[in-house]
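Engineer: Letter by letter, the sequence shown follows residues 1 to 273 in our numbering. Idealized CB from N, CA, C, for every residue including glycine.
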Amino acid sequence: AYPTVDYGFPPVDYIYWFTYGSGPIGRVTHLWFLRTMFFAIVLFSVIDRYLHNKSVIFRFIIAATAPGIGVLLKFSTGVELVPWGMDAVLIALSFIMIGSEIRKHHHVAPWSKSKLVDLVGLITAFVVYTCISTINEFVNIGKSVYGNFIYSYIITGVIGTYMVGLLSYYACKRFISLERYAAAFNKVGQEVYEIHPLIIETNVQLFGDIALAGTLHQWPRAPLLIYNFPLAIIISYLLAIKVISRSGILQLIFLGFRKPKEDAIKQPFPVPE
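1. How many Å lie between GLY214 and THR156 at the Cα?
2. Going by the CB atoms, is the gap between LEU166 and LEU122 shorter than 8 Å?
3. List the DSSP bridge partners of ASN136.
4. Among residues of its own chain, excluding the 5 on either side of VAL28, which ones have a beta-carbon nearer than 7 Å to its beta-carbon?
5. With respect to the alpha helix (DSSP H) encompassing PHE95, which residues constitute its N-terminal and C-terminal limits?
6. Cα separation between SER94 and SER152?
7. What span of residues does the alpha helix (DSSP H) with VAL56 cover, start to end?
8. Are the region 171-187 and the region 14-22 touching, with three or more C-beta to C-beta distances below 8 Å?
9. For a quick check, are the C-beta atoms of LYS242 and GLN251 less than 8 Å apart?
10. By DSSP, does VAL145 sit in helix, in strand, or in coil?
11. Should PHE138 go down as buried or exposed, given a rule of 16 or more other Cβ atoms within 10 Å for buried?
12. Taking the C-alpha atoms as reference points, what is the distance between THR161 and PHE126?
13. Buried or exposed for LYS104, please, with buried defined as at least 16 other CB atoms from any protein chain shown within 10 angstroms of its CB.
14. How about LEU73 and ILE25: do their beta carbons lie closer than 8 Å?
15. In chain order, what residues of the same chain lie with their CB nearer than 8 Å to the CB of GLY248, ignoring the 5 residues before and after it?
16. What did DSSP end up calling PHE175 once you bin it into helix, strand or coil?
17. Going by beta-carbon coordinates alone, are ALA88 and THR36 separated by less than 8 Å?
18. Going by alpha carbons, who is nearest to TYR169 out of LYS54, PHE44 and LEU119?
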């Protein structure tokens, strides 16, 4: 007899979770954020269509209440995972709207003010970020785990954005070529963003049981983590510029549109043919 494939649950359960749009419980994959970002962007597009030229107070109210409504969906229904991850969608919507307001008022201007102000700001931001993250404890939005207070998560996200923006400014200022490489890499950022979870899972399946991973007692999977993420990014980048960028169908799948030929990717990194 031929061996059968064990999917971990019967076909009826598979149909149920497929219709439910989130889960199964305990088996939420890294791809949950693709569904979340799709619905969040759709919601943001509709809201921005009608409120982009209205008073900021309307957009502020939506951004401020969306995370709370998302959490309320879980606790009011009593489920462990909200159908189609609508709680995560509303939390993501808040972040998108906050980012949109920052872009409107700050544009692409540097986050830097002066070296002294930046140093004080960075140290203060890091201390506040660390304290709030520690108090809020573990968060996994994909599994509807919000920590102790969802708005602590929102605050740390905004503070983290400030720190990354400031550090990126100084990094690009110190290393001139870095900005060019980052801009070129960003041209395939969405493709890399969507592919790398699949590569990470592939790496786990192929290399997860290597002997090196069992040498550390405190953090046995540390060696896997150290090379897994960089390797996933590199492989995803190669697939994006070598495969997806050359296929109109794949571009449509990963981007929702086809890039014009004149926008062909210019490789800033040496890639073997």
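Structural biologist: Put simply:
1. Bear in mind that the predicted position of GLY214 carries a pLDDT of just 47, short of 50, making it too unreliable to give a figure here.
2. The Cβ-Cβ distance between LEU122 and LEU166 falls below 8 Å.
3. According to DSSP, residue pairing for ASN136 in a beta bridge does not occur.
4. These residues qualify, in order along the chain: GLY142 and LYS143.
5. Counting along the chain, the alpha helix (DSSP H) containing PHE95 begins and ends at 86-106.
6. For SER94 and SER152, the distance between alpha carbons rounds to 13 Å.
7. Annotation for VAL56: the continuous alpha helix (DSSP H) segment containing it runs 56-77.
8. The region 171-187, when compared against the region 14-22, does not touch it at the 8 Å Cβ threshold.
9. The answer is no: Cβ separation not under 8 Å.
10. In the three-state scheme derived from DSSP, where H, G and I count as helix and E and B as strand, VAL145 is classed as strand.
11. The residue in question, PHE138, is exposed, as its Cβ has fewer than 16 Cβ neighbours within 10 Å.
12. If you draw a straight line from the Cα of THR161 to the Cα of PHE126, it comes to about 11 Å.
13. Exposed, by the Cβ-count rule.
14. Not in contact: LEU73 and ILE25 (Cβ atoms no closer than 8 Å).
15. Excluding residues within five positions, the ones whose Cβ falls inside 8 Å are ARG258.
16. Here PHE175 sits in coil by DSSP.
17. A contact, by the Cβ cut-off of 8 Å.
18. Closest option to TYR169, Cα to Cα, is LEU119.
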